[in-house]
Amino acid sequence: MDEHEHLPPESCSEDENNSKEIDNELKESTNPSEPLKMSKNQLRRKKKAERWEQIKLLKKEKKAKQKAESLTEAGIKASSSIQNGNEITDFRNRRNESVEERKLRKEKEKVEYLQRCSRNFSVIIDCSWESDQQERQLKSVSQQILFCYGINKRALKPSTLYLTGLGPRLEEQISKNNISEWLGVIRSHQDYIDVVKDKELVYLTSDATDTLTQLDTNCAYIIGGIVDRNSMKRATWNKANKQGIRTVKLPLREHCTMSSTPVLTVNHVFEILVRFHELGCWAKAFEQVLPQRKGVATSAVNERESASSGDRCEEKEKEDDINTGAVLETEKSVESEREGETESGRKREREREDDEQTEAKD
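Sequence positions in the sequence shown follow my numbering and run 1386 to 1747.
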């Protein structure tokens, strides 16, 4: 049976056209003397990526056009309410002054943010592992770097962020997010040893024997920009050991238990450092940052659970005491009633005996 019998004619013709275009591209790009460079699947993915880029550009242009139209409408409404030409000039001057004031405010905020970054420790993301990773992994690394910048921008105590050892593929991925405008971020193709000279270098790796207890503002903490660490075991530790750099690991085992692997992403490690710098407590930092899928139980959670269980035990003891007291009171009342009944019975027997003796005398 033919594959296109159950498909509408439009979809069949579209698929045939796409396959014809791909075949033509293959014929054009292939010479008899050269081997085939791209397969049909690779060409399809390439065309899909190109279409997506075109869609993004169209969306961007549409958004810019809508913004320009809204600004034009706002200007027409404002100018329609002003009758005198001098008043229109004053309105434009006021609008220009507000723009200048806004620029000055942004410049001031920029300077203050950079000053706050310089007062704290630095963080280096080691991006020199490009040759050991595939395209999909590099996309994940670039996304995690983007998350790190967002976390740092919103932090109460931000840090200077270094991206060292950048390769062409990773730099291309990051450049899509307008990285040239990022504040407090320093990029370099060189290794961190040649870039950071004013601070002590400390490499964060789970293979280290020493544990990180406190953060030092005179240190620059290095995070390996690797996605799949299972295929590159002890790679960061070996590199730091060859370079003579001190290695430490996060105090995960000391402050929390995890039901899954303790391997963390780049942005999780970065956010843990930022949160600990703000809170001063590792357990609270882990509790706020680590995702629920890791099955994390921190010491802070354990303390709350033990406190709540202690309260429940105290309440149960109080209830038991109350119940025991009530039982004892009930038993006492029953015994007193029994004693009263016994005493009254004895009294009646004595009265009966006295009556019998009196009758006998008579």
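Ideal Cβ placement from N, Cα and C applies to all residues, glycine included. A quick note: this is a predicted structure, and the numbers were derived from the prediction, not measured.
Scanning G1569, I1630, K1669 for the CA closest to the CA of Q1500 turns up G1569.
Distance check between I1608 and each of P1676, Q1628, V1587 places V1587 closest, using alpha-carbon atoms only. Only residues of its own chain outside the window of five on either side were considered, and among them none has a CB closer than 6 Å to the CB of I1578.
Sixteen is the threshold: when 16 or more other Cβ atoms of the shown chains lie within 10 Å of the Cβ of L1551, as they do, the residue is buried. Of I1564, L1531, S1573, K1542, the smallest CA-CA separation from V1651 is found for L1531. Where S1525 is concerned, the enclosing alpha helix (DSSP H) starts and stops at 1520 to 1539.
Put simply, the stretch 1519 to 1535 does not touch the stretch 1481 to 1492. Fewer than three CB pairs are less than 8 Å apart. DSSP, reduced to helix, strand and coil, places V1651 within a helical segment of the structure shown.
According to the DSSP secondary-structure assignment, G1665 is paired through a beta bridge with no residue.
Scanning Q1673, G1610, T1598 for the CA closest to the CA of E1639 turns up T1598.
About 6 Å separates the CB atoms of C1512 and L1548; that is less than 8 Å, so the two are in contact.
Annotation note: the stretch 1606 to 1631 contains the following uninterrupted alpha helix (DSSP H) runs of length 4 or greater, listed N- to C-terminal: 1620 to 1628. Secondary-structure assignment with DSSP links T1596 through a beta bridge to K1634. Proximity to Q1518 across N1563, L1555, E1446 peaks at L1555, based on C-alpha coordinates.
Here Q1673 is near R1660, since their CB atoms are less than 7 Å apart. DSSP places D1517 within a helical segment (H, G or I) once states are collapsed to three.
Linking K1584 to R1487 through their CA atoms gives a straight-line distance of about 35 Å.
The alpha-carbon of K1542 is positioned some 18 Å away from that of I1571.
R1554 sits in a helix when the DSSP states are folded into three classes.
Nearest in C-alpha terms to C1533, of all of V1508, L1443, R1619, is V1508.
DSSP places T1602 in the coil class of the three-state scheme, outside both helix and strand.
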